[in-house]
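Each residue of the sequence shown is one higher than the one before, counting from 21 in my numbering. Each remark here refers to the structure printed beneath this line.
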Amino acid sequence: MTHVIVVHSWEDAQKEKVMEFATKVISMAKEKKLPAGLKLISVDLAENKNMAVCHWEVDTLDHLMQVAGSLQPTWKIEAFVAKNMYKKGLF
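Laid out in structure tokens, this is it:
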């Protein structure tokens, strides 16, 4: 599995759609209804900023982006493979 970080950023007018998208994805994760090969690790919403960061474990970055695209986001999404340099409890 590959560790992926996804950064979402949006304009004020898009906030309602972003929150609907986030709620849908989080619900799918909680109900174990995400497509095979995709595991949502965390969602962090920046305070007083139009930005959220999601951490995923995925089979491929392309697969994650295909699924995200099918949900038709209208805001900026940046996704990249990340190498974990430190995780509490591992050392």
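Just so you know, even glycine gets a beta-carbon here, dropped at the ideal spot from N, CA and C. In this text the structure is predicted, and so the values were computed from the model without any measurement.
Report back the beta-carbon spacing between tryptophan 30 and tryptophan 95 to the nearest angstrom; my notes put them in contact at under 8 Å. Translated into the one-based positions of the sequence shown, residue 30 becomes position 10. Translated into the one-based positions of the sequence shown, residue 95 becomes position 75. So it is a contact: roughly 4 Å between Cβ atoms.
How many angstroms separate the CA atom of leucine 58 from the CA atom of glycine 109? As a working note, residue 58 is residue 38 in the sequence shown. As a working note, residue 109 is residue 89 in the sequence shown. Rounded to whole angstroms, leucine 58 to glycine 109 spans 24 Å at the Cα level.
For aspartate 82, collect the residues of the same chain with a Cβ closer than 7 Å to its Cβ; drop the 5 residues on either side in sequence, then sort them by chain order. Reading the sequence shown from its first residue, position 62 is the one you call residue 82. Closer than 7 Å at the Cβ level, and outside the excluded window around aspartate 82, lies no residue.
Per-residue burial, valine 101 [other beta carbons within 10 Å of its own, 16 or more giving buried]: Position 81 of the sequence shown, counted from the start, is the residue given in the question as residue 101. Valine 101 is exposed by the Cβ-count criterion.
Is it right to say alanine 33 is buried, meaning 16 or more other beta carbons lie within 10 angstroms of its own, or is it exposed? The residue given as residue 33 occupies position 13 in the sequence shown. Classification of alanine 33: exposed, given that the 10 Å Cβ count is below 16.
Alpha helix (DSSP H) runs contained entirely in the segment 27-55, provided each spans 4 or more residues: 35-50
For valine 73 versus aspartate 64, is the C-beta distance shorter than 8 Å? Within the sequence shown, the letter at position 53 stands for residue 73. Within the sequence shown, the letter at position 44 stands for residue 64. The answer is yes: Cβ separation under 8 Å.
Taking the beta strand (DSSP E) that leucine 58 belongs to, which residues open and close that run? Residue 58 sits at position 38 when you count from the first residue of the sequence shown. Per DSSP, leucine 58 belongs to the beta strand (DSSP E) from 58-65.
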